[in-house]
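Residue numbers (this note's numbering): 254 to 640. Where is the CB? At the ideal position from N, CA and C, for every residue including glycine. Fair warning: this is a prediction, and the values are worked out from it, not measured in the lab. Take a look at the structure below.
The structure is reproduced here in structure tokens:
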């Protein structure tokens, strides 16, 4: 079945510091490693509903916006994606969704963002590299699933948790074809984080309603409560696989209370990256209103309820007014300082903050502001592309 794609009308908003070039790059920028995501729980949110903010660090490329309609599919229909030969059975009904596609001369599809008619939004951050070095042929079925994971969540999920459950079932069946990634999946009530490893290992954790979550480009799930099925979803052999590969040894045999997913599965160079650490420290400073005491926490309780303006502040920061700001009051362009990894950087392609709102007030770069209680074609939302 051919999918009919409708271009989404764009509102151009000049709100961001980084430049969005008009032409696609011939290759992936070497310094494009600074994606960042924030999830605000509904009880920590000024709106009373979950907020999501994201910077996609993938500069020198262009974005195309589509509205994909709700569709009914024939029995026996399957879907394939360009990064894998796997033929995945399609469900009878798929939902309408908005699709922000990155166009580039290299494989940039993992930068794409989706939000569907039920208000389920999906954004992701690379967490490469994981410790898994096995081949896709050995770890996955028929080439595995990669880009298709986010697409199928958008097509099929009516809630954030259902999105995680759909993803988990796909990963159990097909396996993940890329090194490592964190998927942030939210609706207006709940925020979930799904962190995947090449092959069939994954863990998902729900963001507490009264807390705020931030991720740069490394795994952020450490402690795992294997008895808490309400707030965690875990691959069947997550721990035993790590033990078999020498990535984790329990202090007490048979007691996995000291299991740390990020430590077990994240390659050391990625986890200890100064860019990742700096972004985490400075994001938490703004979220907490004070110096963070622990940057390994999954989420934190803010000192106030956060709104869209707070998300903008975090996603736009160059660490102004802190010991990490070396621009000297912008005497040096903060986007042109080699070796410095700020949250806002010159290669940010787009950012967004999907939210449910009765009145559209202001837009973050690439911000979706819409009433998620209305059908997709009746929402007063718009998409702003900042330059």
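Query raised in the report: Is it buried or exposed for residue 589, if we count other Cβ within 10 angstroms and need 16 for buried?
Result: exposed
Requested in this report: Assign residue 559 to one of two classes, buried (16 or more other C-beta atoms within 10 Å of its C-beta) or exposed (fewer than that).
Outcome: buried
**Report entry** Cβ distance (whole Å) where residue 514 is taken to contact residue 572 below 8 Å
**Finding:** No, residue 514 and residue 572 are not in contact; Cβ-Cβ is about 29 Å, not under 8 Å.
Query raised in the report: According to the Cβ coordinates, are residue 393 and residue 423 closer than 8 Å?
Result: no
Query - DSSP three-state assignment for residue 287, whether helix, strand or coil - result: coil
Query raised in the report: Would you call residue 563 buried or exposed, if buried means 16 or more other Cβ atoms sit within 10 Å of its Cβ?
Result: buried
Query raised in the report: How do the stretch 336 to 348 and the stretch 407 to 427 stand: do at least 3 beta-carbon pairs fall below 8 Å, yes or no?
Result: yes
Query - Pairwise C-alpha distance: residue 492 and residue 509 - result: 8 Å
Requested in this report: Classify residue 467 as buried or exposed, calling it buried when 16 or more other Cβ atoms lie within 10 Å of its own Cβ.
Outcome: buried
Query - residue 374, DSSP secondary structure in three states - result: strand
Query raised in the report: Roughly how many angstroms lie between the CA atoms of residue 481 and residue 511, to the nearest whole one?
Result: 15 Å
Query raised in the report: Buried or exposed: where does residue 408 fall if 16 or more other Cβ atoms within 10 Å of its Cβ makes it buried?
Result: buried
Requested in this report: Using the Cα positions of residue 503 and residue 477, report the straight-line distance between them to the nearest angstrom.
Outcome: 13 Å
Query raised in the report: For residue 344, which three-state DSSP category applies?
Result: coil
Report task. Please name the residue or residues paired with residue 455 in a DSSP beta bridge. Result -> 449
Query raised in the report: Alpha carbon to alpha carbon, how far is residue 608 from residue 301?
Result: Summary for residue 608: the model assigns pLDDT 48, below 50, so the residue's position carries little reliability; its value from the coordinates is reported in the next sentence. Cα-Cα distance, rounded: 10 Å.
Query - Neighbour-count burial assignment, residue 311, 16 or more Cβ in a 10 Å radius - result: buried
Query - 6 Å Cβ shell around residue 455 - same chain, five flanking residues per side excluded - result: 424, 449, 488
Query raised in the report: Would you say the stretch 378 to 394 touches the stretch 349 to 356, given that touching needs at least three Cβ pairs under 8 Å?
Result: no
**Report entry** Euclidean distance between Cα positions of residue 645 and residue 305
**Finding:** The chain is shown from 254 up to 640; residue 645 falls before or after that span and cannot be answered.
Query raised in the report: If you measure from the CB of residue 381, is any heavy atom of the ligand FAD nearer than 7 Å?
Result: Among the components modelled here there is no ligand, and therefore nothing to report on the ligand FAD.
Requested in this report: Kindly indicate the opening and closing residues of the beta strand (DSSP E) around residue 365.
Outcome: Per DSSP, residue 365 belongs to no beta strand (DSSP E) and is neither H nor E.
Requested in this report: Take residue 417 and list the residues in its own chain whose beta-carbon comes closer than 7 Å to its own, dropping the five residues that flank it on each side.
Outcome: 438, 445, 447, 457, 486
Query raised in the report: Where residue 414 and residue 404 are concerned, what is the direct C-alpha to C-alpha distance, given to the nearest angstrom?
Result: 16 Å
Requested in this report: Taking all protein chains shown into account, decide if residue 309 is buried (16 or more other Cβ within 10 angstroms of its Cβ) or exposed.
Outcome: buried
Query raised in the report: Quick one: is residue 280 buried, meaning 16 or more other Cβ sit within 10 Å of its Cβ, or exposed?
Result: In this prediction, residue 280 scores a pLDDT of 34, lower than 50, which makes its location untrustworthy; the coordinate-derived value is nonetheless stated afterwards. The residue is exposed, with fewer than 16 neighbouring Cβ atoms inside 10 Å.
Query raised in the report: Unbroken alpha helix (DSSP H) runs of length 4 or more, entirely within the stretch 502 to 577: which are they?
Result: 514 to 518, 521 to 524, 527 to 541, 561 to 569
Requested in this report: Following the continuous alpha helix (DSSP H) through residue 427, name the residue where it begins and the one where it ends.
Outcome: 413 to 427
Query raised in the report: Is residue 366 near residue 376, with beta carbons less than 8 Å apart?
Result: yes
Query - First and last residue of the uninterrupted alpha helix (DSSP H) at residue 310 - result: Premise fails: residue 310 lies in the beta strand (DSSP E), 304 to 310, not in any alpha helix (DSSP H).
Query raised in the report: Along the chain, where does the alpha helix (DSSP H) that runs through residue 492 open and close?
Result: 491 to 497
Query raised in the report: How far does the alpha helix (DSSP H) with residue 589 in it reach, from first residue to last?
Result: It is not in any alpha helix (DSSP H) - residue 589 carries neither H nor E in the DSSP assignment.
Query raised in the report: Mind checking whether residue 553 and residue 293 have CB atoms under 8 Å apart?
Result: no
**Report entry** Sub-8 Å separation of residue 378 and residue 434 beta-carbons
**Finding:** yes
Query - Close Cβ partners of residue 584 (< 8 Å) along its chain, the five nearest in sequence each way excluded - result: none
Query raised in the report: Could you give the residue range of the alpha helix (DSSP H) that holds residue 403?
Result: 401 to 409
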